[in-house]
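Novice: Position 118 of the sequence shown, counting from 1, maps to 118 under UniProt numbering, and the rest follow consecutively. Heads up, the beta-carbon is just placed ideally off N, CA and C, and yes, glycines get one too. Bear in mind that the values here come from a model prediction, so they are computed numbers and not experimental data.
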Amino acid sequence: MMASGLQTAKRDLRKKIRDVLQKTPNESIIHQSRVAADKLFSLTEYQNAKRIGVYLSMPSGELSTTAIVQDALAHGKEVFVPYIHSIDSPSSTQKKTSIMDMLVLQSMEEFQSLERDKWGIPSLTKAQVEKKRNCFGTIGVSPKTEEDATQKFEGLDLIIMPGMAFDQGFRRLGHGKGYYDHFLTRYSKKVAESKTTISKMPLLGEEQPHPKPETPVKWPY
């Protein structure tokens, strides 16, 4: 599929999925969130994970991850959560671009105290981020150099990502901002440089428009 046709197809699919999500009763989302969390907790990959990345959920329209954050912290796992910030853009047509980092969450108390952003998502503040470890082994937001690393890069054992839809081939349709796509590209590069095995990421899977070739995300059975 040509790039322009692909973007049009994705835009139309996002509108279709968004309409479905807006009509989904909150009671159904609560139930599905509980079922998904219980399924995750039963997976060996989750049980063995020591360091996990978890998206923090919007107040409606997607599965809640609150129970996952709570369970992970209660079991002594290190939990890393998203933080979106601006950096200088490599493009000559714009000065700034937004990217996402994942930084450590200290406790459930800190999670419950997080302020909500414009989408209603619990989010770290700039002041909090400046003193926190990120999943690349440095303090604060990236990009950082190897000399800035405070510890050896250990990677994430599991990344729990949001998505508007996932098809039968485990391809993810995001909200169109590209935050996770960019993050996974940077993370995969860091993993390759560190010769660390990249973690499998559990995702739920109708086929969505996609370019060829495409590498599907794997589901840990």
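#1: If you measure between the beta carbons of Lys-50 and Lys-77, is that distance less than 7 Å?
#2: What three-state label does DSSP hand Val-141 in the structure shown?
#3: Could you tell me if Asp-101 is buried or exposed, where buried requires 16 or more neighbouring beta carbons within 10 angstroms of its beta carbon?
#4: Identify, in the order they occur along the chain, each residue of the same chain with its Cβ nearer than 7 Å to the Cβ of Asp-46, setting aside the five sequence neighbours on each side.
#5: Here's the rule: buried if 16 or more other CB atoms are within 10 angstroms of the residue's CB, otherwise exposed. What is Val-141?
#6: Assign Pro-59 to buried or exposed, taking buried as 16 or more other Cβ atoms, counted over all protein chains shown, within 10 Å of its Cβ.
#7: Would you call the CB atoms of Leu-105 and Val-129 closer than 7 Å?
#8: With DSSP as the reference, please indicate the residues paired to Ala-165 in a beta bridge.
#9: Could you check how far apart the C-beta atoms of Ile-99 and Phe-80 are, in whole angstroms? I think they sit under 8 Å.
#10: Judging by CA-CA distance, which residue of Thr-97, Thr-138, Gln-70 is the nearest neighbour of Glu-109?
#11: Sorted by chain position, which residues of the same chain lie with C-beta nearer than 6 Å to Ala-37's C-beta, five sequence neighbours on each side aside?
#12: Leaving out five residues before and five after Thr-196 in sequence, what residues of the same chain have Cβ atoms less than 6 Å from its Cβ?
#13: By alpha-carbon positions, which one of Asn-26, Asp-167, Pro-82, Val-35 ends up nearest to His-182?
#14: Tell me which residues share the same chain as Gly-61 and place their Cβ nearer than 6 Å to its Cβ, disregarding the 5 neighbours each side in the sequence.
#15: Considering only their Cβ atoms, is the gap separating Pro-162 from Leu-56 smaller than 7 Å?
#16: Comparing C-alpha positions only, which one of Phe-136, Phe-170, Asp-12 sits nearest to Thr-185?
#17: Assign Leu-124 to one of three DSSP states: helix, strand, or coil.
#18: How is His-31 classed by DSSP in three states: helix, strand or coil?
#19: May I have the straight-line CA-CA distance separating Asp-19 from Thr-65, to the nearest angstrom?
Specialist: In this structure, then:
#1: Locating residue 50 in the sequence shown gives position 50, where the first residue counts as 1. Locating residue 77 in the sequence shown gives position 77, where the first residue counts as 1. In contact: Lys-50 and Lys-77 (Cβ atoms closer than 7 Å).
#2: The sequence position of residue 141 within the sequence shown is 141, counting from 1. Coil, per DSSP.
#3: Taking the first residue of the sequence shown as 1, we reach residue 101 at position 101. The Cβ neighbour count for Asp-101, taken over all protein chains shown within 10 Å, is at least 16; the residue is labelled buried.
#4: Locating residue 46 in the sequence shown gives position 46, counting from the first residue. For the sequence presented, residue 46 should be read as Tyr rather than Asp. Hits under 7 Å: Leu-40, Leu-158.
#5: As a working note, residue 141 is residue 141 in the sequence shown. Result: buried.
#6: Here residue 59 refers to the residue found at position 59 when the sequence shown is read from its first residue. By the neighbour-count rule (16 or more Cβ atoms within 10 Å), Pro-59 is not buried but exposed.
#7: Translated into positions along the sequence shown, residue 105 becomes position 105. Translated into positions along the sequence shown, residue 129 becomes position 129. No, the pair does not count as a contact, with Cβ atoms beyond the cut-off.
#8: Within the sequence shown, residue 165 is the residue found at index 165, counting from 1. Note: Ala-165 sits in a beta bridge opposite Leu-173.
#9: Here residue 99 refers to the residue found at position 99 when the sequence shown is read from its first residue. Here residue 80 refers to the residue found at position 80 when the sequence shown is read from its first residue. Phe-80 and Ile-99 do not touch by the CB rule: their CB atoms are close to 15 Å apart, not below 8 Å.
#10: For the purposes of this step, residue 109 is identified with residue 109 of the sequence shown, where counting begins at 1. Out of Thr-97, Thr-138, Gln-70, Gln-70 has the C-alpha closest to the C-alpha of Glu-109.
#11: Along the sequence shown, one-based indexing puts residue 37 at 37. The beta carbon of Ala-37 sits closer than 6 Å to the beta carbons of Ala-67, Ile-68 from its chain, once the five residues preceding and following it are set aside; these are given in chain order.
#12: Within the sequence shown, residue 196 is the residue found at index 196, counting from 1. Caution is warranted here: a pLDDT of 48 is assigned to Thr-196, below 50, making its placement in the model unreliable, and the coordinate value is therefore given only provisionally. The residues Gly-155, in chain order, have a CB closer than 6 Å to that of Thr-196 in the same chain once the five nearest residues on each side in sequence are set aside.
#13: The residue labelled residue 182 in the question sits at position 182 within the sequence shown. Of Asn-26, Asp-167, Pro-82, Val-35, the smallest CA-CA separation from His-182 is found for Pro-82.
#14: In the sequence shown, residue 61 corresponds to position 61, counting from 1. Excluding positions up to five away in sequence, the list reads Leu-21.
#15: Position 56 of the sequence shown, counted from the first residue, corresponds to residue 56. Position 162 of the sequence shown, counted from the first residue, corresponds to residue 162. Not in contact: Leu-56 and Pro-162 (Cβ atoms no closer than 7 Å).
#16: Along the sequence shown, one-based indexing puts residue 185 at 185. Considering only Phe-136, Phe-170, Asp-12, the residue with the shortest C-alpha distance to Thr-185 is Phe-136.
#17: Taking the first residue of the sequence shown as position 1, residue 124 is located at position 124. The answer is coil: DSSP assigns Leu-124 none of H, G, I, E or B.
#18: Taking the first residue of the sequence shown as 1, we reach residue 31 at position 31. The answer is helix: DSSP assigns His-31 an H, G or I state.
#19: Looking up residue 19 in the sequence shown gives position 19. Looking up residue 65 in the sequence shown gives position 65. So the two alpha carbons sit approximately 22 Å from each other.
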